[in-house]
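Here's the structure we're looking at; comments come further down.
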Amino acid sequence: MNRPRIILFLLLVFIVTVFTASYVWQATNRATQAAIYEPPPLPSPAADSGKPQVEAKQPARLFSIELGDLEGRGFVKVAPLDAPNEQSITTPLRCMRMHFAAGVGICLHELVGSWLTPVVSVTIFNERFQPIFSQQVDGYTSRARVSPDGRYAAYTVFVSGHSYNDSNFSTATHIWEIATGQDLGNLETFEVWRDGRVVSEIDFNFWGVTFASDSNRFYATLSTGGVPSLVEGDIAARRVTVLRDWIECPSLSPDNRRIAFKKARGQGEWQLTVLDLATMQETPLAESRSVDDQVEWLDDATILYQQMEYDSSRNAWISVLSIPADGSGAPTVFVSRVGSPAVVHSY
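Under my numbering, the first residue of the sequence shown is numbered 1, with each subsequent residue one higher.
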């Protein structure tokens with residue numbers, strides 16, 4: 001065998017070795033994630049009638065996902081809103097992202113797929129934390145929301161990339177009608193209006209849906225040309241209208257008057273900010289650290305969001321923090337070692 005052929009052979013061996021090692025690493029990593037987040041079979045009321053049922057239909061509750069204990073990581077927890085650190089109950093449902101409203105919830109968790117095709121299971125569940133229906137989609141977990149009246153649910157997954165820090169990420173955002181289980185489609189199929197005319201670009205990416213109280217109206221992020229913009233959507237008309245640039249991951253206040261969002265302040269850095277929809281005035285909140293989250297409103301005056309915390313030894317964990325929505329005050333820990341908060345008032 002001459003020298004060029006030897007070099008070519010060694011190069012092929014090297015490529016195959018690297019490919020195989022990468023495949024094994026990815027498969028192992030995904031399997032580890034699945035071992036943490038894959039939910040066990042949910043108990044039926046009949047099979048579990050001897051045990052107290054954990055139900056969501058209780059007044060003033062906080063839903064969250066356990067992130068502290070490794071064995072219990074990913075399980076959905078429910079606690080009284082006035083004592084979220086003291087009286088929480090762990091449910092049999094396991095998620096990586098979750099939201100709940102009006103007796104129904106949405107749960108996103110990742111399954112083991114090939115290293116090229118990550119898979120997210122999107123499940124709609126009822127107030128007994130039992131699945132109503134589920135669908136598997138390609139991608140990585142990102143955002144999830146249920147409309148205040150429980151009519152619609154929305155989710156976002158990363159089709160490529162793993163976070164909003166990635167320069168070439170791509171998303172898929174869908175809205176479901178919960179009563180029928182009908183997928184109303186990717187928001188990229190909606191008509192987009194800007195400055196009084198229809199626009200269309202091949203690089204459209206939508207994410208972070210938040211619903212208005214009438215549920216037909218919603219807000220979301222539309223990114224094109226590297227600029228994220230706030231859009232207002234109409235489900236019945238299948239149309240969105242661009243309102244303002246440089247707004248990401250909107251969350252509409254309970255009174256439907258303000259939107260909390262993250263505003264880019266540099267590569268991979270975001271300032272938590274509130275937009276008044278009547279005046280379009282922006283108010284930066286008193287959180288100096290970067291926040292990469294679609295926040296939740298505790299009430300019309302307070303915002304909840306997940307943030308990394310550190311102790312004196314630099315050990316890190318995620319907790320839910322609260323902060324006034326008017327720019328005053330300072331962040332305080334609302335619930336330690338949980339994430340993906342969802343506030344449910346009486347209904």
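Ideal Cβ positions, reconstructed from N, Cα and C, are used throughout, including at glycine.
query	result
Among 231, 278, 219, nearest to residue 195 - alpha-carbon criterion	231
Check whether residue 201 and residue 221 have beta carbons under 8 Å apart	no
Sufficient close CB pairs (3 or more, under 8 Å) joining the stretch 311–319 to the stretch 278–285	no
Outcome for residue 335 when other beta-carbon atoms lying within 10 angstroms are tallied against a minimum of 16	buried
Cβ shell of residue 190 (< 7 Å), same chain only, five flanking positions each side left out	233, 238, 239, 240
Contact belief for residue 157 with residue 105 at Cβ below 8 Å, rounded distance in angstroms	17 Å between Cβ atoms; not a contact.
Contact check, residue 301 vs residue 325, beta carbons under 8 Å	yes
Closest by C-alpha distance to residue 333, when choosing among 137, 188, 303, 100	303
Cβ pair residue 252, residue 219 closer than 8 Å	yes
Distance CB(residue 131)-CB(residue 102) smaller than 8 Å	no
Boundaries of the beta strand (DSSP E) in which residue 207 is found, first to last residue	205–211
Close Cβ partners of residue 209 (< 6 Å) along its chain, the five nearest in sequence each way excluded	145, 154, 218, 220
Any non-hydrogen atom of the ligand PLP within 7 Å of residue 102 CB	The model depicted lacks the ligand PLP and carries no ligand whatsoever.
Beta strand (DSSP E) runs contained entirely in the stretch 241–299, provided each spans 3 or more residues	248–252, 258–266, 269–276, 282–284, 296–299
Short Cβ contact (8 Å threshold) for residue 275 with residue 247	yes
Distance between residue 338 and residue 199 (C-alpha atoms, nearest Å)	40 Å
Where residue 342 falls, given that 16 or more other Cβ within 10 Å makes a residue buried	buried
Given residue 227 as reference, the closest of 257, 236, 242 once Cα atoms are compared	242
Candidates 84, 85, 60, 92: closest to residue 72 by CA position	92
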